[in-house]
Structure formats: C-alpha cells, structure tokens
Amino acid sequence: MDPAIKKKALRMITYGLFVATSRDDSGPAAGTINWISQSSFTPPLIMVAIKADSALHRAVAASRRFIVHVVGKDQKDLATAFFRGAELSGDRLNGYRIESSANGIPLLVDPPAWFESRVVNDVRGGDHTVFVAEVVEAGVRKDTEPLTLRDTGFFYGG
Ligand SMILES: Cc1cc2nc3c(=O)[nH]c(=O)nc-3n(C[C@H](O)[C@H](O)[C@H](O)COP(=O)(O)O)c2cc1C
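So the sequence shown is numbered by this note's numbering: it starts at 122 and just counts up by one.
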C-alpha cells in the first residue's frame with residue numbers, strides 16, 4: 122500500500138466537528154472530536170473513537186458517560202478551544218460557559234445541540250478506543266447548520 126494514497130483516500134471521508142465532555146474523580150475532561158457516527162436506531166447508539174492516552178479517554182472509561190456537543194457553522198473558535206485539555210475556571214471550561222447535566226457531566230451552553238450517552242461497549246485497538254454508547258438525553262438550543270471538518274481546513278485522519 123502507498124501510504125500517501127492511503128492518507129489521501131482516508132481524508133476523503135466526510136466528518137462533522139463536535140466537542141465531547143466527560144468527568145472523573147479528578148474533574149472535567151473535554152476534547153474536540155470528529156470520529157463519530159450514529160450506529161443504531163433502536164436503541165439509539167452512537168460510536169466515537171477517543172484517543173487512548175487522553176484525559177477524555179480516562180474520564181469516559183471511568184464514568185461510562187459523556188456528552189457530545191454539535192459545533193455550529195459559526196463556532197470554529199469553540200472547536201479550536203478544545204484541541205487542548207480541559208481547564209475549569211468558575212463556571213467556564215476553556216473559556217466557555219457550562220452547566221451540569223442531570224448526571225453531573227459538563228454541559229456547554231453555546232453549542233446548538235447536544236446528546237448525552239452511556240457507554241454500552243468499547244472496542245480497543247490501535248491508538249483510539251471506539252466507545253459504543255446509548256443516547257439517553259438530548260437537547261436542541263438553536264436550529265442551525267453544523268460545522269463540518271472540511272469547512273475548517275483542519276484534518277484528523279489518514
Ligand atoms: C481536527 C481535530 C480533530 C480531532 N478529532 C479527535 C477525535 O475524533 N477523537 C479524539 O480522541 N481526539 C481528537 N482530536 C484530539 C483532541 O481534540 C484533543 O487533542 C485531545 O482531546 C486533547 O486531550 P489531551 O490533552 O488529554 O490529549 C482531534 C484534534 C483535531 C485537531
């Protein structure tokens with residue numbers, strides 16, 4: 122296999138862009154992710170691939186719960202703010218206001234939509250773990266267009 126062609130082909134997969142949050146005993150964890158898809162209607166399942174050596178992975182593995190926030194078309198700044206680990210200051214995570222979900226997971230106020238999920242399975246392999254999770258709560262704050270990875274010029278894949 123030609124690695125350059127493999128990279129080019131894999132980067133032609135289309136993605137959205139999301140901010141995932143979770144929590145463990147050491148506090149909140151968060152990260153911008155694009156490796157996510159719905160994977161079942163009944164029950165409503167999603168699958169996300171989380172970097173195995175990240176704080177987000179540690180928190181999801183421990184709490185078995187996380188929230189995925191949809192990033193709006195005009196919220197590239199929000200996506201960029203969560204390329205680094207989570208930093209809590211008052212009621213703000215990486216500068217963005219949060220509430221707490223009913224299950225104690227940090228819930229960002231600004232994104233147009235979110236869904237909270239409970240992990241039902243995990244598939245380890247390579248440098249990311251695929252968490253399969255059931256959507257147990259969801260909210261829509263604004264009916265707007267979501268940001269796509271291609272809109273941003275960023276890449277994560279290949
Ligand atoms: C464009 C882009 C997409 C990303 N997508 C994912 C992803 O799908 N899954 C993931 O675990 N990390 C992804 N990351 C990495 C995280 O945003 C972030 O670097 C990581 O969660 C930071 O946590 P750490 O400091 O604990 O490693 C992506 C980064 C970029 C720049």
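All C-beta atoms in this analysis are idealised placements derived from N, C-alpha and C, irrespective of residue type, glycine included.
Since the model is a prediction, treat every value here as computed from it, not as a measurement.
query, result
"Is Ala-234 near ligand 1, going by C-beta to nearest heavy atom under 6 Å?", "no"
"If the criterion is Cβ atoms closer than 7 Å, does the pair Pro-227 and Val-191 meet it?", "no"
"Count the other CB atoms, across all protein chains shown, that sit within 10 Å of the CB of Glu-237; report buried if there are 16 or more and exposed otherwise.", "buried"
"In whole angstroms, what is the alpha-carbon distance linking Ser-161 and Ala-151?", "24 Å"
"At a threshold of 6 Å, does Ile-134 count as lining ligand 1 (C-beta to nearest heavy atom)?", "no"
"Please classify Ala-254: does DSSP put it in a helix, a strand, or coil?", "strand"
"Thinking Lys-194 and Leu-268 are a contact (beta carbons under 8 Å), I'd like their distance in whole angstroms, please.", "5 Å"
"Between the alpha carbons of Phe-187 and Gly-279, how many angstroms are there, rounded?", "26 Å"
"Can you tell me where the beta strand (DSSP E) holding Ser-147 begins and where it ends?", "Where Ser-147 is concerned, there is no enclosing beta strand (DSSP E), given that its DSSP letter is neither H nor E."
"Between Lys-129, Val-257, Arg-179, Asp-231, which lies nearest to Lys-197 when the distance is taken from Cα to Cα?", "Asp-231"
"In or out: Pro-149 buried (at least 16 other Cβ within 10 Å) or exposed?", "buried"
"DSSP three-state call for Pro-124: helix, strand or coil?", "helix"
"Is the beta carbon of Thr-250 within less than 6 Å of some heavy atom of ligand 1?", "no"
"What are the start and end residues of the alpha helix (DSSP H) that includes Arg-284?", "The displayed coordinates of the chain run from 122 to 279. Any statement about residue 284 would go beyond what the structure contains."
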